[in-house]
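Sequence positions in the sequence shown follow my numbering and run 12 to 327.
C-beta: ideal position from N, C-alpha, C; glycine also.
Computed from a prediction, not measured in an experiment: that's the story for all the values here.
This report concerns only the one structure given below.
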Amino acid sequence: MLAGVAHAASDDPVAVLSTWDFGKAANEAALATLRAGGTALDAVEAGAKVPEADPDNHSVGYGGYPDRDGHVTLDAIIMDQDGRIGAVAALEDVVHAISVARAVMEKTPHTMLVGEGATRFALDQGMPRVKLLTPAAEAAWREWLKTHRYRPIANIENQLPGPPGSALNHDTIGIMARAGDGRMAAACTTSGMAFKMRGRVGDSPLAGCGLFIEKGVGAAASTGVGEEVTRIAGTARVVASMRAGLSPQAACEEAVRHIAQLRGDAIAGLQVGFLALGASGDVGAFALLRGFTYAVTRQSGRTEVLPARSLFARSE
Ligand code: GLY
């Protein structure tokens, strides 16, 4: 069963592509950065910072739902087509995880910092210490503590902002940019699953899971329940399929079908989606469940939010 749309490159090439409806504002910031002369890397950082700063977005950055102990912890990765990577996991007290990730990439010999070390590094870079737990997110957490029911609700990103405690979110923004010269970069940032175990890290900050990019091939990002993506190194798989000749759409579909085949009933009701941008500007998007959306911004500035095709017609 397939639902949604797929589309190919046009004479108005894709400049920015990102997950979910809230990707629209991120794409617009990214395109403005490209138009101001920024690189693809600058663009995806600028785009990712938009939901990170939005207190009404409870799955990314400031205002993200906390772990079950009440701590908001952020995961992020940024990558360019030359294989440069920076990532952070379980970062606390800093809003712009994506900028910390970029600083890891540019100012350290490493690819990832985690936890207290990541926070200390960010503060040493001059980034401000900010309490990430907003009153709304705290209210949702306190409501959740009454039941401790732990079952992510599919597609909650499209219901943001929701009433406190109404649902568990599990998501992220993945954003990919293709500059006028064809150079590509990608970023991914999230507060991860709401009310996760302390110390839980999802797919998002892991290269080849939440995000991957390869020069001359393209980029891919994932969304949904990170554990299911990590099990198959999802975005590395999508990019490998593209390298082998599959279109971005076919590559996303192959990865989703593989999860379904591998996991069977274990993934019932869980959402996973892949979004891919080929080196020539073709877009692919596919999810397990109906309800995954993505934002496409073309070089002309036209932005559309589109429904992805899905393996199952149901949305939960
Ligand atoms: N995909 C985001 C997460 O599972 O943390």
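How many Å lie between D192 and P139 at the Cα? Between the alpha carbons of D192 and P139 lies a gap of roughly 34 Å.
Name, in chain order, the residues that DSSP records as bridge partners for I89. G97 and A198, per the DSSP bridge assignment.
Quick one: which unbroken alpha helix (DSSP H) runs of 4-plus residues sit fully inside the stretch 246 to 293? Chain order, please. Every unbroken stretch of the alpha helix (DSSP H) spanning 4 or more residues and falling wholly within the stretch 246 to 293 is given here in chain order: 259 to 274.
Ordered along the chain, which non-local residues of its own chain (more than five positions away) have a Cβ less than 7 Å from that of A244? Excluding residues within five positions, the ones whose Cβ falls inside 7 Å are G219 and C220.
V25 versus L322, A190 and F285, residue with shortest Cα-Cα distance: That would be A190, whose Cα lies nearest to the Cα of V25.
Would you kindly check if the distance between the Cβ of E225 and the Cβ of R248 is under 8 Å? Taking 8 Å as the Cβ cut-off, R248 and E225 do not qualify as a contacting pair.
H159, buried or exposed, once every other Cβ within 10 Å from all chains shown has been counted against 16: Under this definition H159 is an exposed residue.
Residue environment, T246, which counts as buried when at least 16 other CB atoms sit within 10 Å: Classified as buried, T246 has 16 or more neighbouring CB atoms from the shown chains inside 10 Å of its CB.
So, helix, strand or coil for P174, using DSSP? Low confidence applies here, because P174 scores a pLDDT of 37, under 50, leaving its location unreliable and the question unanswered by this model.
Can you tell me whether DSSP reads M208 as helix, strand or coil? M208: coil per DSSP, three-state reduction.
Between A271, A279, V212 and F223, which has its C-alpha nearest L288's C-alpha? Of the candidates A271, A279, V212 and F223, the one whose C-alpha sits nearest the C-alpha of L288 is F223.
beta-carbon E234 near the ligand GLY non-hydrogen atom, thresh 7 Å: At residue 234 the sequence reads Thr, which differs from the Glu that was named. Result yes, Cβ under 7 Å from the ligand GLY.
Taking the alpha-carbon positions, what's the G292 to Q310 distance? Rounded to whole angstroms, G292 to Q310 spans 11 Å at the Cα level.
At least 3 beta-carbon pairs within less than 8 Å: the stretch 71 to 80 vs the stretch 204 to 211: Yes: the two stretches touch, three or more of their Cβ pairs being nearer than 8 Å.
I'd like to know whether the C-beta atoms of L42 and T200 end up nearer to each other than 8 Å. Between L42 and T200, the C-beta gap is not smaller than 8 Å, which leaves the two residues out of contact.
Tell me whether T304, by its Cβ, gets closer than 7 Å to a heavy atom of the ligand GTP. Absence of the ligand GTP is noted for the structure shown, with the ligand GLY being the only ligands found.
D276 to G48 span [Cα, whole Å]: Computed Cα separation, rounded: 48 Å.
Tell me which same chain residues have a C-beta within less than 6 Å of the C-beta of H107, skipping the five on either side of it? If the five residues before and after H107 are omitted, its C-beta is found closer than 6 Å to the C-beta atoms of K60 and E63, all from its own chain and listed in chain order.
Determine the burial state of R320: buried for a count of at least 16 other Cβ atoms within 10 Å of its Cβ, exposed for fewer. Classification of R320: buried, given that the 10 Å Cβ count is 16 or more.
Would you report the Cα separation of G237 and F285, rounded to the nearest angstrom? If I take the Cα positions, the gap works out to 11 Å.
DSSP state of S215 mapped onto helix, strand, coil: S215 falls in the coil class under three-state DSSP.
Pairwise C-alpha distance: Y305 and R313: Whole-angstrom Cα-Cα distance: 14 Å.
Between S215 and the ligand GLY, is there a pair consisting of the residue's CB and a ligand heavy atom that are separated by less than 7 Å? With a cut-off of 7 Å, the C-beta of S215 is classified as near the ligand GLY, since at least one heavy atom of the ligand falls inside that distance.
What did DSSP end up calling D192 once you bin it into helix, strand or coil? Looking at D192 - three-state DSSP - the assignment turns out to be coil, as it is neither helix nor strand.
Integer Cβ distance of V363 from L28, believed to fall under 8 Å: Given a span of 12 to 327 for the chain in the structure shown, any question on residue 363 remains unanswerable.
Can you name the start and end residues of the beta strand (DSSP E) that I224 belongs to? From DSSP, the beta strand (DSSP E) with I224 extends over L222 to E225.
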